Amino acid sequence: MKSVDVPLYSQYAKSFVEERIEKWQDKDPYETIEEYKARVTLKTRDAKIKSLLKEAENSYIKMYAREVR
70 MKSVDVPLYS QYAKSFVEER IEKWQDKDPY ETIEEYKARV TLKTRDAKIK SLLKEAENSY
130 IKMYAREVR
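70 is the number of the first residue of the sequence shown in our numbering; add one for each residue after it.
Printed below as a string of structure tokens:
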């Protein structure tokens, strides 16, 4: 069986969340400024990060669980 380089979870989660939060924070061309300001607040951003961290955890486990001893 071929060995896979397993990244540290912290590195994996950081890039996972940063990539997705950046896309989420972008203003949609069809979104009004008011809609954008209502959607992207400190509170909603923190909630989105928390949700993305859970996704990152699940993804990491699914991808690397067999490789971790």
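Just so it is clear, CB atoms sit at the ideal spot from N, CA and C, and this is done for glycine as well. All figures in this text were calculated on a predicted structure; none of them were measured in a lab.
Between residue 73 and residue 136, the C-beta gap is smaller than 8 angstroms, which places the two residues in contact.
Per DSSP, the unbroken alpha helix (DSSP H) holding residue 86 starts and ends at 78-94. Take residue 97, set aside five residues on each side of it, and the residues of its chain with a beta-carbon closer than 8 angstroms to its own are 105, in chain order. In the three-state reduction of the DSSP assignment, residue 113 falls in the helix class.
Linking residue 87 to residue 118 through their CA atoms gives a straight-line distance of about 9 angstroms. Taking the C-beta atoms as reference points, residue 129 is found no nearer than 8 angstroms to residue 99.
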